Every structure is written in C-alpha cells, then in structure tokens.
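Chains as they are written, first to last, in the working numbering: chain L, 67 to 546; chain Y, 23 to 261.
In structure tokens:
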C-alpha cells in the first residue's frame, strides 16, 4: 500500500510549511512536495489605502526583512510621484539595504543553519540549534549574534528603530545620517569584518571535507537565475536592472525593467500550497524555473567591485564553476555577500555626499500604476501598485523572493528525498530523524521567508507525512 | 468678575462664575482626560472622558459642558470614573479601525496617548471592523474615516473659527459618520478654504496631510504646547 510521509513543521525557517513524501505501493518514492500552509492577504486588504501608507503597511509583512518591503514600496512611491530622489537619499537607502542583507544573512548562517554544519546532521534536535552552538562554541555564537546586531543597529541608527522603521518614504528618506551614527558604524566595522573572516575560515574547510556530498545533492540542478546588476554588470542590491541567465552562463535577458515584469514572469498555482510558483514566461513552467537570492545575485553579476568580496566570489566560482548550480552554495554565497555588504558599507560611510541634508523631495501623483524592485536578502522583490485618481490603491501585486524559489525548493526536496530514501520503505517503518533534518536543511539553503511570500503568519513547524497511492495517510511524524 | 468656590477631590477651588467644571478642575491643578474638548471651541461632551461625579446628582456629568456652581462637591478620580474612562477608550478602539502600526499619527495621536495614560492594554469589547472609506479627493489633505472617533473638533473648528462649516456629522448611532459639504467628496466642497485647521484639530490620524506617511503627522507647534500643558499636569494619586 502506498503512503505519504509528512514533515510538519519545517523548523529553523521563517514561516509555516510542511514537506510530504509520496511513496507507491512498493514503498518507493514517487514525489516530494514543499507545502506552504499559511495565508495572509496583504494584497487584498491594502486596497483602498493611500499609496503613501504602503511602505508602512507592507513593512509589517515581515519582522526579519521589513526593510526590503520598505524599499520596494518607497521606490514604487517615487515612480507614482514621478520624482528622482536626492543622491544622498539614494545612498542612504543603499546603506539601509546593505545593513539589512548583512543582518539577515548573519541570522540565516549563524542562528538557523550553522548548527547543522557545526554540530552535525545527526546531533539530537534539542541541541541542534543556536543554544547548542552557544554551548559548543560560545565565541563563534557570540560573534554571529553581534554581526547581526551590527546590521540591526545600523537600521536603528538610520530609521530610529530596528524593526519596521518607516524611514524610507516616497521621495527619499526622512532623516539624514548623523555624525554619531557614522562614528558608530566605523567603530564596529573591524569587528564585523573579523566575524565574517572567522565564519569563512570555519565554513570553507567543511565544504572541502564533510559537506561535499551535500553540495552534490542539495538542489544541484540546472535552472535560470535572476537578479539585479549594476550598469557594468556589477553586483547590486537596490538599483540597476534585472538580468536573467541560464546555468551555462548564457545571458537570456538583460536590462530587463521591473515595469515589464508581467511580460517575462508568470505565476502558476497548485492547490496544495498557498505559495505561488513563478517562472520565466517565455520558457514555460518547467524550463522557466529560476532561482533568486544570494546565489543568483552572485551568478548573474560579473563581479562585486570590492577586493575582498571579489576574492571570495572567485573562491566560490573556483569550487563550482562560473555559474553555481548547487543550492547548498547559497550558504557560502551568503557569507560572500556579508563581505560585500561590509566593504560597501565602509565605502559608503566614507562618502561625504552621504551626509547631505537634502534627503527628500515632495511631489504629487503623476500616474496610475508603478512597479518597484529591490533585492531582499532572499532575492528579488517586486511591488506593483495601481491607484485611482486620488492615489488610493486599487490593486496590489507582490512577487516575493521566496515565492520565486518555490519550484527550486520543491525540486530540492525531491532530490534530497531520492538521495536519502534510495530504496523502498517498509510499511510502518520509522522515519529516521536525520532524514527529516536533511530535508529541512534543503529548504534552509534558500533561507525562505514564508510569512513574506504568502503574506502569512506564525513561526515554522515541520511535519512529515507518508501518503499511499489512494491518498490515505499511512504514517506521520511531526515536530515543533 | 464674580467668583464662586467649590470642592474638587477634596480641594477648595475658587473660580470665576460661569466657568465649566473642566476649567475649574484645571484651575485646581488637576488633570482630567479629554478627547473632544479643544480650548477655544464650544464644548459638546461627546467623548465622555471628562465625566465627573457631583454630590447630590445621581448621574455622572461631563465636566466640559457642566457649569461650576457655588458649594458643589465634585469627585473626578474615583475608581468607577477611571473604569468608565478606560471603557470609553476601549469602545473607541472597538468601533473603528485603529491600526497604530502604519497610522500617519502614530506617536502623536491623542487616542493612542489616552489609551496608554488610562492603562488600556486590550479592548474587552469585540472589534467591529466597520467597512469605511478613505476620502483622498482633496488636493492637500485626506480623511481616513477608519480613524475618526466623531469628536467633532473638525466640525467645530471649521464652523466656529474658519466660518466655512465644511464638516458635519451624519447618521444616527453606530451609523454616525463625518461628512463633507452635502455628503460630497471633500475635494468637491467649494466651501473648503484648504486652511488645514481641521487637520490640526483632529486628535487622531483621521485627517492628515496627503504626503505624510506612517507616523509623520505632528501637531502644529502651538497646539503641541497646548497638549503638553494639559498632559504635563502632575499625575493623580489614587484616592
């Protein structure tokens, strides 16, 4: 008799999800799915609100990356007002996003994922977390927490609060950077750099040793990659234009404008998940699967533009080739981006224009619709608003980074499941905990934020279900 | 001017004849919460936050619309009054859609400040989630009816100070709502002089400047001083 194994909740990710493994009558794996089981409805209840409130409202989608929504909303608002924001505001928004990416990547690497690498896949779940890491390696855990604090503190210095600071607004930003804030950033930068170096020194030997197999089976497949690049093809996280490449390095589309997203992105819907499945429209849902996020950004760019980050990018490419197709490399990509952010922050705070006092322009509604884009820590984020004559929202479409990785996450789960369940599973057989954890870890590569991507609530539990061919639930194991 | 004396919370107070109990309480140096009252406008007793107990009267009275009388004995800070005031604020929150998280007035909202002052940490009444609109038809300002508490300060400031009488309250009971002109979009009301006094008088984020976003509404500096004077009165000890 066939059955389905459900992992519910998936742990150490942001949001609620479950994984189901489908076995046929002989106990052989036929499919694996990553289900997102929450719904929030932001796109609907934003209707009727003034577009000027969208930054404040959409930032509330997420407590981890409110900045991403804030920036996308502010950029969309700039376009609705038809204004070009002052150069200082542009640089301050970039500084905000760099700090945001830095803190979010530190959270993903140190708090959520590193317990798997540093404490081991087989480590008991009760210890395989940040507290276990604190007990095993307090210095590294402290350094990771302080690196996240560095990013978070910059957000507070700029916006007045760490979470949900409504500082970026249509037309620019509210307050310029203070001397005290600049001094604090400069003082803490050396420590942040030292932590990034420590993390790379600890992680890279693991890639050469115990984590080699994971690099081969955690989402190792060809796909497209999408991300923003600067005018000369350099790494970018807020301005620039979209580039889409194939895994052989071919640039399929370049200089894509976010305004035209509907012409190149389409979204499929499956009844078993609240998370939609975006794909590259010209190639269809199968061949059009693309990935976004740190790995995609590093794949689509020619270079980063700062010395240490470029050296680390070269190391990543030396390990995997010019286009990195293993999703396990997202972890290393996050560390490379932390380095890139720290170097870019250092360059920015040394820029005298950053403290220019003119940081906002005012305007009035100039058009009835606009699309804003920013690179969230997890990938490219689109906000599309349509407004009436008075600036009240009539339609909202949010395309979130995690959603764009949905096809790839499902494929990753299937790939790992095939690897760890090579043969038939006997009826009623117990599912080993290490298997549960590896499937979850496959999802963690993408650092998904499901609360963002479905516009949904809560924290993430994990359930593993075994379902038969007739749809009957045969076995279940849950955690969280 | 003739003076009269009365006792408020056990304290003897001398006030000019014709003073309201609210004015008398403030002259005594005692704080009394208000939301619908604005110095310079006709009091209407709409918010019921300044209710006081007058000895010899079975019903509680709003201090803003009650005249101080010779020999009165008034209590303004009993446990019952504090409970009723908190309940009134809970009802304001329950009957509208007050979401401080992205509200333009967050941090400068009198309703929000009142909830904190009165110790409201939740509403005992179920939220009504009424379907209300935003009127953004005016070129400079907007009305978000979700945040309106029907204090009528905008109605009075427009009628009494500006002389335009753009605003009024329509409907009955829970169907009461603020309307512009003859229940028109605000931007179509010819009488509006765009002076912005209604925006300044609004205690919440219901009326706001169009290009202000979350937490950007701040009272005019003079109004801010007025508010500070009222809110800076010494805290009241429990009787």
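We put the beta carbon where it would ideally sit given N, CA and C, even for glycine. Given the structure is predicted, the values throughout are model-derived calculations rather than measurements.
Return helix, strand or coil for residue i, following the three-state DSSP convention.
| i | result |
| --- | --- |
| residue 411 of chain L | helix |
| residue 97 of chain L | strand |
| residue 208 of chain L | helix |
| residue 460 of chain L | strand |
| residue 79 of chain Y | coil |
| residue 520 of chain L | For residue 520 of chain L, the predicted structure reports a pLDDT of 49, less than 50, and the residue's modelled location is therefore unreliable. A value from the coordinates is still provided. Three-state DSSP puts residue 520 of chain L in coil, outside helix and strand. |
| residue 148 of chain Y | coil |
| residue 70 of chain Y | coil |
| residue 364 of chain L | helix |
| residue 73 of chain L | strand |
| residue 394 of chain L | helix |
| residue 376 of chain L | helix |
| residue 264 of chain L | helix |
| residue 115 of chain L | coil |
| residue 525 of chain L | Residue placement at residue 525 of chain L cannot be trusted, given a pLDDT of 36 that sits under 50; the coordinates are not used to answer. |
| residue 124 of chain Y | helix |
| residue 215 of chain L | helix |
| residue 419 of chain L | helix |
| residue 225 of chain Y | coil |
| residue 102 of chain Y | helix |
| residue 346 of chain L | strand |
| residue 546 of chain L | Because residue 546 of chain L sits at a pLDDT of 45, beneath the cut-off of 50, its placement in the model cannot be relied upon, and the point is left open. |
| residue 48 of chain Y | helix |
| residue 164 of chain L | helix |
| residue 261 of chain Y | Because the pLDDT of residue 261 of chain Y is 48, which lies under 50, any placement of that residue in the model is unreliable, and the number read from its coordinates should be weighed accordingly. Residue state, collapsed to three classes: coil. |
| residue 130 of chain L | coil |
| residue 157 of chain L | helix |
| residue 84 of chain Y | strand |
| residue 513 of chain L | coil |
| residue 404 of chain L | helix |
| residue 386 of chain L | helix |
So, are the CB atoms of residue i and residue j less than 8 Å apart?
| i | j | result |
| --- | --- | --- |
| residue 100 of chain L | residue 125 of chain L | no |
| residue 226 of chain Y | residue 131 of chain Y | yes |
| residue 285 of chain L | residue 394 of chain L | yes |
| residue 195 of chain Y | residue 159 of chain Y | no |
| residue 224 of chain L | residue 158 of chain L | yes |
| residue 162 of chain Y | residue 232 of chain Y | yes |
| residue 471 of chain L | residue 309 of chain L | no |
| residue 162 of chain L | residue 436 of chain L | no |
| residue 502 of chain L | residue 482 of chain L | no |
| residue 496 of chain L | residue 191 of chain L | no |
| residue 165 of chain Y | residue 200 of chain Y | yes |
| residue 398 of chain L | residue 273 of chain L | yes |
| residue 60 of chain Y | residue 71 of chain Y | no |
| residue 208 of chain L | residue 300 of chain L | no |
| residue 314 of chain L | residue 390 of chain L | no |
Return the residue from the list the options that minimises the CA-CA distance to residue i.
| i | options | result |
| --- | --- | --- |
| residue 164 of chain L | L/410, L/378, L/201, L/294 | L/410 |
| residue 466 of chain L | L/389, L/138, L/284, L/249 | L/138 |
| residue 191 of chain Y | Y/174, Y/101, Y/211 | Y/174 |
| residue 129 of chain L | L/183, L/121, L/158, L/230 | L/230 |
| residue 222 of chain L | L/440, L/212, L/247 | L/247 |
| residue 64 of chain Y | Y/247, Y/44, Y/80, Y/50 | Y/44 |
| residue 464 of chain L | L/493, L/482, L/324 | L/324 |
| residue 400 of chain L | L/412, L/365, L/417, L/457 | L/365 |
| residue 256 of chain L | L/240, L/299, L/212, L/288 | L/212 |
| residue 338 of chain L | L/75, L/271, L/85 | L/85 |
| residue 312 of chain L | L/335, L/349, L/176 | L/349 |
| residue 48 of chain Y | Y/76, Y/127, Y/85 | Y/85 |
| residue 121 of chain L | L/439, L/491, L/455, L/352 | L/439 |
| residue 180 of chain Y | Y/218, Y/153, Y/146 | Y/218 |
| residue 296 of chain L | L/282, L/287, L/322 | L/322 |
For the putative contact between residue i and residue j, defined by C-beta atoms under 8 Å, what is the C-beta separation to the nearest angstrom?
| i | j | result |
| --- | --- | --- |
| residue 294 of chain L | residue 278 of chain L | No, residue 294 of chain L and residue 278 of chain L are not in contact; Cβ-Cβ is about 32 Å, not under 8 Å. |
| residue 459 of chain L | residue 171 of chain L | The pair is not a contact, with the Cβ atoms about 32 Å apart (cut-off 8 Å). |
| residue 510 of chain L | residue 178 of chain L | 6 Å |
| residue 87 of chain L | residue 70 of chain L | 7 Å |
| residue 91 of chain L | residue 492 of chain L | About 13 Å separates the two Cβ atoms, so there is no contact after all. |
| residue 228 of chain Y | residue 129 of chain Y | So it is not a contact: roughly 16 Å between Cβ atoms. |
| residue 176 of chain Y | residue 220 of chain Y | 4 Å |
Using 8 Å as the limit for Cβ to Cβ distance, is residue i near chain C?
| i | result |
| --- | --- |
| residue 116 of chain L | This model lacks chain C altogether; the protein chains it does include are L and Y. |
Whole beta strand (DSSP E) runs in the stretch 156-202 of chain Y with 3 or more residues, listed along the chain? Counting whole runs of 3 or more residues, the stretch 156-202 of chain Y contains the beta strand (DSSP E) stretches 163-166, 189-192, 199-202.
Report the residue ranges of all beta strand (DSSP E) runs contained in full by the stretch 433-487 of chain L; include only those spanning at least 3 residues, in chain order. For secondary structure counted as the beta strand (DSSP E) over 3 or more consecutive residues, the stretch 433-487 of chain L holds these complete runs in sequence order: 435-442, 445-453, 459-465.
Ignoring anything shorter than 4 residues or poking outside the stretch 236-302 of chain L, list the alpha helix (DSSP H) runs there in chain order. The stretch 236-302 of chain L contains these whole alpha helix (DSSP H) runs: 245-274, 278-283.
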